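Residue numbers (my numbering): 3 to 130.
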(Lines of atoms letter the chains of each structure in order from A; the text may use other names.)
(Lines give C-alpha, C1' and ligand atoms only; values in the text may rest on other atoms or scores of the structure.)
Protein backbone atom coordinates (compact mmCIF):
# COMPACT_ATOMS: atom_id res chain seq x y z
CA UNK A 3 0.00 0.00 0.00
CA UNK A 4 1.35 3.39 -0.99
CA UNK A 5 0.60 6.47 1.01
CA UNK A 6 1.35 10.08 0.47
CA UNK A 7 0.67 13.20 2.39
CA UNK A 8 0.17 16.83 1.71
CA UNK A 9 0.54 19.71 4.06
CA UNK A 10 -1.48 22.82 3.42
CA UNK A 11 -0.57 25.94 5.29
CA UNK A 12 -2.72 29.02 5.42
CA UNK A 13 -1.50 32.45 6.18
CA UNK A 14 -3.88 35.24 7.07
CA UNK A 15 -2.59 38.42 5.51
CA UNK A 16 -3.84 41.96 5.57
CA UNK A 17 -4.94 44.19 2.76
CA UNK A 18 -4.53 47.69 4.21
CA UNK A 19 -6.52 50.66 2.96
CA UNK A 20 -6.29 54.12 4.54
CA UNK A 21 -9.58 55.63 5.67
CA UNK A 22 -8.34 59.18 4.97
CA UNK A 23 -5.58 61.00 3.11
CA UNK A 24 -4.37 64.59 2.91
CA UNK A 25 -2.98 65.44 -0.55
CA UNK A 26 -1.28 68.69 0.45
CA UNK A 27 2.24 67.77 -0.73
CA UNK A 28 3.76 67.66 2.76
CA UNK A 29 4.99 64.10 2.28
CA UNK A 30 2.55 62.62 4.83
CA UNK A 31 -0.47 60.69 3.56
CA UNK A 32 -0.48 62.56 0.25
CA UNK A 33 -1.46 59.52 -1.83
CA UNK A 34 -4.30 57.05 -1.36
CA UNK A 35 -3.02 53.54 -2.12
CA UNK A 36 -3.30 49.93 -1.02
CA UNK A 37 -0.72 48.00 0.98
CA UNK A 38 -0.55 44.25 0.43
CA UNK A 39 2.36 42.11 1.69
CA UNK A 40 2.78 39.87 -1.37
CA UNK A 41 3.71 40.48 -5.02
CA UNK A 42 0.74 40.64 -7.38
CA UNK A 43 0.29 39.73 -11.03
CA UNK A 44 -3.02 41.57 -11.45
CA UNK A 45 -4.24 44.69 -9.69
CA UNK A 46 -7.07 47.11 -10.38
CA UNK A 47 -8.17 50.02 -8.22
CA UNK A 48 -11.00 52.39 -9.14
CA UNK A 49 -12.02 55.48 -7.17
CA UNK A 50 -15.41 57.16 -7.64
CA UNK A 51 -16.73 60.50 -6.44
CA UNK A 52 -20.02 60.88 -4.59
CA UNK A 53 -21.88 61.11 -7.91
CA UNK A 54 -20.55 57.72 -9.04
CA UNK A 55 -18.16 59.20 -11.60
CA UNK A 56 -14.82 57.45 -11.97
CA UNK A 57 -12.07 59.84 -10.88
CA UNK A 58 -9.11 57.44 -10.83
CA UNK A 59 -8.10 54.00 -12.03
CA UNK A 60 -4.76 52.25 -11.88
CA UNK A 61 -3.29 48.83 -12.52
CA UNK A 62 -0.04 49.19 -10.55
CA UNK A 63 -0.24 48.34 -6.83
CA UNK A 64 2.73 50.64 -6.12
CA UNK A 65 0.83 53.68 -7.39
CA UNK A 66 -2.11 55.52 -5.91
CA UNK A 67 -4.38 58.52 -6.25
CA UNK A 68 -3.05 61.97 -5.35
CA UNK A 69 -6.48 63.63 -5.21
CA UNK A 70 -6.34 65.19 -8.68
CA UNK A 71 -7.81 64.66 -12.12
CA UNK A 72 -5.55 65.93 -14.92
CA UNK A 73 -3.52 67.83 -12.27
CA UNK A 74 -6.64 69.64 -11.00
CA UNK A 75 -7.31 69.27 -7.26
CA UNK A 76 -10.58 67.52 -6.50
CA UNK A 77 -12.94 68.53 -3.70
CA UNK A 78 -12.44 67.29 -0.18
CA UNK A 79 -14.95 64.70 0.93
CA UNK A 80 -15.77 61.02 0.78
CA UNK A 81 -14.83 58.85 -2.18
CA UNK A 82 -15.69 55.23 -2.94
CA UNK A 83 -12.98 52.77 -3.90
CA UNK A 84 -13.00 49.24 -5.31
CA UNK A 85 -10.00 47.00 -5.73
CA UNK A 86 -9.33 43.55 -7.05
CA UNK A 87 -6.05 41.70 -7.14
CA UNK A 88 -4.53 38.34 -7.89
CA UNK A 89 -1.21 37.61 -6.26
CA UNK A 90 1.61 35.56 -7.74
CA UNK A 91 0.23 32.38 -6.12
CA UNK A 92 -3.14 32.86 -7.81
CA UNK A 93 -4.93 34.00 -4.66
CA UNK A 94 -7.57 36.60 -5.49
CA UNK A 95 -8.93 39.32 -3.26
CA UNK A 96 -11.53 42.02 -3.74
CA UNK A 97 -12.66 44.78 -1.43
CA UNK A 98 -14.51 48.06 -1.51
CA UNK A 99 -14.97 50.92 0.89
CA UNK A 100 -14.72 54.65 1.35
CA UNK A 101 -11.88 57.07 1.88
CA UNK A 102 -12.11 60.67 3.05
CA UNK A 103 -9.94 63.24 1.31
CA UNK A 104 -9.05 66.02 3.73
CA UNK A 105 -7.93 69.38 2.39
CA UNK A 106 -6.90 72.10 4.79
CA UNK A 107 -5.01 75.34 4.82
CA UNK A 108 -1.75 76.02 6.64
CA UNK A 109 -3.57 77.55 9.62
CA UNK A 110 -5.01 74.19 10.65
CA UNK A 111 -2.53 71.94 12.42
CA UNK A 112 -3.09 68.40 11.16
CA UNK A 113 0.22 66.56 11.17
CA UNK A 114 -0.69 62.98 10.58
CA UNK A 115 -3.75 61.04 9.51
CA UNK A 116 -3.02 57.35 9.96
CA UNK A 117 -6.31 55.57 10.56
CA UNK A 118 -6.57 52.54 8.30
CA UNK A 119 -8.92 49.67 7.65
CA UNK A 120 -7.60 46.14 7.34
CA UNK A 121 -9.26 43.51 5.20
CA UNK A 122 -8.34 39.89 5.91
CA UNK A 123 -7.33 37.68 3.02
CA UNK A 124 -6.64 33.98 3.57
CA UNK A 125 -3.56 33.03 1.64
CA UNK A 126 -3.01 29.31 1.05
CA UNK A 127 0.71 29.35 0.61
CA UNK A 128 2.28 25.90 0.30
CA UNK A 129 1.48 22.32 -0.59
CA UNK A 130 4.10 19.64 0.09
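Think of the CB as a built atom: it goes at the ideal place given N, C-alpha and C, for glycine as much as any other residue. Quantities reported herein were computed from a predicted structural model and do not represent experimental measurements.
Whose C-alpha, out of the options, is nearest the C-alpha of residue i?
i: residue 56; options: 69, 63, 62; result: 69
i: residue 41; options: 23, 97, 100, 92; result: 92
i: residue 47; options: 100, 75, 58, 23; result: 58
i: residue 50; options: 39, 32, 85; result: 85
i: residue 31; options: 82, 44, 23; result: 23
Just curious, the beta strand (DSSP E) that residue i is in, first and last residue?
i: residue 94; result: 94-103
i: residue 81; result: 79-89
Roughly how many angstroms lie between the CA atoms of residue i and residue j, to the nearest whole one?
i: residue 112; j: residue 64; result: Reliability fails at residue 112, whose pLDDT of 48 lies under 50, so the model's placement of it is uncertain and the value that follows must be treated cautiously. For residue 112 and residue 64, the distance between alpha carbons rounds to 25 Å.
i: residue 108; j: residue 26; result: At residue 108 the pLDDT is 47, less than 50, meaning the model places this residue with poor confidence and gives no usable figure here.
Check the C-beta distance from residue i over to residue j and give it rounded, since I have them as a contact under 8 Å.
i: residue 66; j: residue 35; result: 3 Å
i: residue 97; j: residue 19; result: 7 Å
Suppose only complete runs of 3+ residues qualify. What are the beta strand (DSSP E) ranges in the stretch 23-57, listed by chain order? 42-50
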